[in-house]
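There are 2 protein chains.
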Amino acid sequence: MTISDSENRRNKLIRAAASLFHEKGYAATTVRDIARAVGLQSGSLFYHFRNKEEILVAVMQNGMRRTSEAAAAALDGLSDPSERLRALFRAHLETLLGDLQDDMIVLLYEQRSLPIEARGELVKLRDEYEQVWQQVISDAVDAGVVRGDPGVVRRFSLGALNWTVQWYRKDGPLSPTDLADEFLNTITI
Amino acid sequence: MTISDSENRRNKLIRAAASLFHEKGYAATTVRDIARAVGLQSGSLFYHFRNKEEILVAVMQNGMRRTSEAAAAALDGLSDPSERLRALFRAHLETLLGDLQDDMIVLLYEQRSLPIEARGELVKLRDEYEQVWQQVISDAVDAGVVRGDPGVVRRFSLGALNWTVQWYRKDGPLSPTDLADEFLNTITI
DNA sequence: CCTACCGATCGGTAGG
DNA sequence: CCTACCGATCGGTAGG
Numbered sequence: 028m029t030i031s032d033s034e035n036r037r038n039k040l041i042r043a044a045a046s047l048f049h050e051k052g053y054a055a056t057t058v059r060d061i062a063r064a065v066g067l068q069s070g071s072l073f074y075h076f077r078n079k080e081e082i083l084v085a086v087m088q089n090g091m092r093r094t095s096e097a098a099a100a101a102l103d104g105l106s107d108p109s110e111r112l113r114a115l116f117r118a119h120l121e122t123l124l125g126d127l128q129d130d131m132i133v134l135l136y137e138q139r140s141l142p143i144e145a146r147g148e149l150v151k152l153r154d155e156y157e158q159v160w161q162q163v164i165s166d167a168v169d170a171g172v173v174r175g176d177p178g179v180v181r182r183f184s185l186g187a188l189n190w191t192v193q194w195y196r197k198d199g200p201l202s203p204t205d206l207a208d209e210f211l212n213t214i215t216i
Numbered sequence: 028m029t030i031s032d033s034e035n036r037r038n039k040l041i042r043a044a045a046s047l048f049h050e051k052g053y054a055a056t057t058v059r060d061i062a063r064a065v066g067l068q069s070g071s072l073f074y075h076f077r078n079k080e081e082i083l084v085a086v087m088q089n090g091m092r093r094t095s096e097a098a099a100a101a102l103d104g105l106s107d108p109s110e111r112l113r114a115l116f117r118a119h120l121e122t123l124l125g126d127l128q129d130d131m132i133v134l135l136y137e138q139r140s141l142p143i144e145a146r147g148e149l150v151k152l153r154d155e156y157e158q159v160w161q162q163v164i165s166d167a168v169d170a171g172v173v174r175g176d177p178g179v180v181r182r183f184s185l186g187a188l189n190w191t192v193q194w195y196r197k198d199g200p201l202s203p204t205d206l207a208d209e210f211l212n213t214i215t216i
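Read top to bottom, the protein sequences are chains A and B. Counted the way the working numbering counts, the first sequence spans residues 28 to 216. Counted the way the working numbering counts, the second sequence spans residues 28 to 216.
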């Protein structure tokens, strides 16, 4: 089956690119690096992607989609505001810090590498995700679980969680789930 | 005075580089970009710096030093744990989000662009700064102002503040000082 | 998907 | 600090 073979190769390239973009950054990663990581010649990469930027977009879309799906799954069936808040915090950190999950990190830290014209679809996905956060936090504030302006609390919370990428080590004492609970412990009333 | 003229030129280059590194990233900024920003030929830049990396180090050291000094000045004379916590939060956000202050942002967001061998002095400065934070937060926890493990609270707090770079707009409704207070309002008991 | 290659640009240097 | 330049490497393409 040629189609699925080609799809497989394309996915391998996207995953290899995510890892390299995370490690060295987008600008410092060459198309030769990416091709070599999956055993291709550099020219062959352009059979799968029109240009380097298209690879970045694919990586970021994977990350955003994965994260949104994890959040939706975690919230599914929950109605208590406090439980929903906890589930969302956990899901976010788990998708961000889990294994082989560089794509979301690339989305977060390579915004400036993507020209504004190329952000269309991504902005939409991101807005939807932030809407989910806004709702969950807003409900938590209304229920008296946390204190503050929901928009500001949302930004600070996502910031604190997203920044864990800078210091979190898998061999440390706390799991992503533990960390989410620790943060909740600090901000809940 | 030739020495101070040369110092001036060097400082102008560092400031221009900080702005460009912030805007486009270190790898995507060329030495020609930096030279052009202060009206030099690209070759002349290497009269002031041995190589591109040395410029990055200079930018980051400026940022770290500025931030440490602002924190020390803000804490000077304060002894109440709650007041010290507030002063530290405000000082950090004000130096991070103020005008023409790209150097600290570059320090925070370009870590991976600097080879480990070149980090020596920077790591020392950063450790000292984090020690200040650790102490202030630890005292605040002991005084019952915030809740949680001091190391984790420190990391989450700095993360939340550092991430404001991603979304803060100067023409928005909140000043850096307001933002610091908002965050404190959410995490203090 | 490979081979062979391109024009452009990169960080950096020599010599004044 | 400029001029003139270098070797290396970059993203991307044509032709099979």
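C-beta: ideal position from N, C-alpha, C; glycine also. Being a predicted model, the structure only gives us computed values, none of them experimental.
Requested in this report: Return the chain-ordered list of same chain residues with a C-beta closer than 6 Å to the C-beta of Y156 (chain B), the five sequence neighbours on each side being excluded.
Outcome: S95
Query raised in the report: Leaving out the 5 sequence neighbours to the left and right, which residues in its chain are closer than 7 Å to G90 (chain A) when beta-carbon positions are compared?
Result: The residues are D130, M131, V133 and L134.
Query raised in the report: Mind checking if F116 (chain B) is an interface residue toward chain A, Cβ cutoff 8 Å exclusive?
Result: Closer than 8 Å: no.
Requested in this report: Report yes or no: is there a C-beta of chain A within less than 8 Å of the C-beta of R174 (chain B)?
Outcome: yes
Report task. Could you tell me whether the region 96-114 of chain A touches the region 157-173 of chain A, using the rule of 3 or more Cβ pairs below 8 Å? Result -> Counting Cβ pairs under 8 Å, three or more are found: they touch.
Report task. In the DSSP assignment, find the unbroken alpha helix (DSSP H) run with V163 (chain B) in it and report its ends. Result -> G147 to D169
Requested in this report: Compare the C-beta of V159 (chain B) against all C-beta atoms of chain A and say whether one is closer than 8 Å.
Outcome: V159 (chain B) is outside the set of residues whose beta carbon lies under 8 Å from a beta carbon in chain A.
**Report entry** Distance between S33 (chain A) and R196 (chain A) (C-alpha atoms, nearest Å)
**Finding:** 35 Å
Query raised in the report: How about L83 (chain B) and I61 (chain B): do their beta carbons lie closer than 8 Å?
Result: No, the pair does not count as a contact, with Cβ atoms beyond the cut-off.
Query - Pairwise C-alpha distance: A187 (chain B) and L185 (chain A) - result: Near 7 Å, if we compare the C-alpha coordinates of A187 (chain B) and L185 (chain A).
Report task. Check the Cβ-Cβ distances between F48 (chain A) and every residue of chain B, and say whether any is below 8 Å. Result -> no
Query raised in the report: Grouping DSSP H, G and I as helix and E and B as strand, with all else coil, what is Q88 (chain A)?
Result: helix
Query raised in the report: Contact check, S109 (chain A) vs Y53 (chain A) under 8 Å by CB: the rounded distance?
Result: That belief does not hold up - the Cβ atoms of S109 (chain A) and Y53 (chain A) are roughly 39 Å apart, past 8 Å.
Report task. Output the distance between the C-alpha atoms of G147 (chain A) and D154 (chain A), rounded to the nearest integer angstrom. Result -> 11 Å
Report task. Can you pull the chain B residues whose beta carbon is under 7 Å from the beta carbon of A54 (chain A), in chain order? Result -> G52, A54 and A55
Requested in this report: Output the distance between the C-alpha atoms of G66 (chain B) and K51 (chain B), rounded to the nearest integer angstrom.
Outcome: 19 Å
Query raised in the report: Which residues of chain A have a Cβ atom closer than 7 Å to the Cβ of V179 (chain B), listed in chain order?
Result: Within chain A, the residues near V179 (chain B) are E209.
Requested in this report: Decide if the region 118-125 of chain A is in contact with the region 167-177 of chain A; the criterion is three or more beta carbon pairs, one per stretch, under 8 Å apart.
Outcome: no
Query raised in the report: Can you tell me whether DSSP reads V65 (chain B) as helix, strand or coil?
Result: coil
Query raised in the report: chain B partners of G171 (chain A), CB-CB under 8 Å?
Result: Within chain B, no residue comes near G171 (chain A); the closest Cβ sits about 13 Å away, beyond 8 Å.
Requested in this report: Identify the contact partners of N218 (chain A) in chain B, using a Cβ-Cβ distance below 7 Å as the criterion.
Outcome: A query on residue 218 (chain A) cannot be resolved here, the shown segment of chain A reaching from 28 to 216 and no further.
Query - chain A within 8 Å of T204 (chain B), Cβ atoms only - result: no
**Report entry** Beta carbon of L124 (chain B) nearer than 8 Å to that of T191 (chain B)
**Finding:** yes
Requested in this report: Could you check which residue in B:Q138, B:Y74, B:A44 and B:F183 has the C-alpha nearest to that of Q128 (chain B)?
Outcome: B:A44
Query raised in the report: What's the C-alpha gap between D198 (chain B) and N38 (chain A)?
Result: So the alpha carbons of these two residues sit roughly 41 Å apart.
**Report entry** C-beta contact flag for F23 (chain A) and F48 (chain B) at 8 Å
**Finding:** Residue 23 (chain A) cannot be examined here, being either before or after the span of chain A that is shown, 28 to 216.
**Report entry** Short CB-CB distance (under 8 Å) between N189 (chain B) and chain A
**Finding:** yes
Requested in this report: Tell me whether T204 (chain B) sits in a helix, a strand or coil according to DSSP, three-state version.
Outcome: helix
Report task. Please determine, among B:Y136, B:R174, B:D126 and B:K151, the residue with the shortest C-alpha to C-alpha distance to S202 (chain B). Result -> The closest CA to that of S202 (chain B), considering only B:Y136, B:R174, B:D126 and B:K151, is found on B:D126.
Query raised in the report: Nearest to E144 (chain B) by alpha carbon, out of B:L72, B:L105, B:F76 and B:E80?
Result: E144 (chain B) has its Cα closest to that of B:E80, out of B:L72, B:L105, B:F76 and B:E80.
Query raised in the report: With distances taken from CA atoms, which of A:Q193, A:V179 and A:V150 is nearest M87 (chain A)?
Result: That would be A:V150, whose Cα lies nearest to the Cα of M87 (chain A).
Query raised in the report: In angstroms, rounded to a whole number, what distance separates the CA positions of T204 (chain A) and G70 (chain A)?
Result: Here the alpha carbons of G70 (chain A) and T204 (chain A) stand approximately 42 Å from one another.
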